[in-house]
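At position 43 of the sequence shown (counting the first as 1) the number is 59 in this note's numbering, and the numbers step up by one without a gap.
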Amino acid sequence: MTLLLHTPTILLKFMVQKNHAEGPVAENILLHHCQQFKKLQVGKITFSINERDNCCLLKNSEICIISNIVQIEGETLFMVKKFGTRANFYNVGVTSDVVGVYHCSNLSNTVEAINLLDVKAKMYRMPK
17 MTLLLHTPTI
27 LLKFMVQKNH
37 AEGPVAENIL
47 LHHCQQFKKL
57 QVGKITFSIN
67 ERDNCCLLKN
77 SEICIISNIV
87 QIEGETLFMV
97 KKFGTRANFY
107 NVGVTSDVVG
117 VYHCSNLSNT
127 VEAINLLDVK
137 AKMYRMPK
């Protein structure tokens, strides 16, 4: 399914793929009112529930793990768990946050719904 995402300044084409019904969803979302997907392609960027593509940075600087992708009445939401702690990964005269590299921990058990428009960037996880 290909959709267009309208923002005040840009128009993005995105496509949801791999429909499923496995959850999880936030407590305030009714399963029978939404469609669930495993993958979302926004331009050349892929978000998915697979470990390789499931980390994102929100506009409020929180870092999250995507556990589901949901559409409700044309609105695209990520079901996420947020990291409670974010620290610099290294300090070699310049801290790692300058280049967007962090050590994240204390992942919440609570699943929250985040609007796609609240996502600032895709993040990548790497082993410690």
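In this text, a Cβ means the ideal position worked out from N, Cα and C, and glycines have one as well. In this text, all values refer to a predicted model and were calculated from it rather than measured experimentally.
| task | Just mark Asn-35 as buried or exposed, buried being the case when its beta carbon has 16 or more other beta carbons within 10 Å. | result | In the sequence shown, the residue the question calls residue 35 occupies position 19. With fewer than 16 Cβ atoms within 10 Å of its Cβ, Asn-35 is classed as exposed.
| field | Continuous beta strand (DSSP E) assignments of at least 3 residues falling wholly in the region 85-132 | value | If you keep only unbroken beta strand (DSSP E) runs of at least 3 residues inside the region 85-132, you get 91-104, 118-123, 128-131.
| request: Alpha carbon to alpha carbon, how far is Glu-89 from Gly-100? Give it in angstroms, no decimals. | output: For this step, residue 100 is matched to residue 84 along the sequence shown. For this step, residue 89 is matched to residue 73 along the sequence shown. Gly-100 and Glu-89: Cα-Cα distance of roughly 31 Å.
| task | Assign Val-114 to one of two classes, buried (16 or more other C-beta atoms within 10 Å of its C-beta) or exposed (fewer than that). | result | Along the sequence shown, one-based indexing puts residue 114 at 98. Answer is exposed; the Cβ neighbour count stays below 16.
| message | What residue range does the beta strand (DSSP E) around Ile-45 cover? | response | Locating residue 45 in the sequence shown gives position 29, counting from the first residue. No beta strand (DSSP E) holds Ile-45; DSSP gives it neither H nor E.
| message | Distance check for His-119 and Thr-92, CA to CA, integer angstroms please. | response | Translated into positions along the sequence shown, residue 92 becomes position 76. Translated into positions along the sequence shown, residue 119 becomes position 103. Each residue's Cα considered, the two are about 28 Å apart.
| message | Contact between the region 102-109 and the region 62-73 is defined here as three or more beta-carbon pairs at a separation below 8 Å; is this criterion met? | response | The region 102-109 is not in contact with the region 62-73.
| query | In the DSSP assignment, what are the bridge partners of Ile-61? | reply | As a position in the sequence shown, residue 61 is number 45, starting the count at 1. Ile-61 has Val-58 as its beta-bridge partners, per DSSP.
| query | Since Asn-84 and Pro-40 are thought to touch, with beta carbons under 8 Å apart, how far apart are those beta carbons, to the nearest angstrom? | reply | By one-based count along the sequence shown, residue 84 stands at place 68. By one-based count along the sequence shown, residue 40 stands at place 24. So it is a contact: roughly 6 Å between Cβ atoms.
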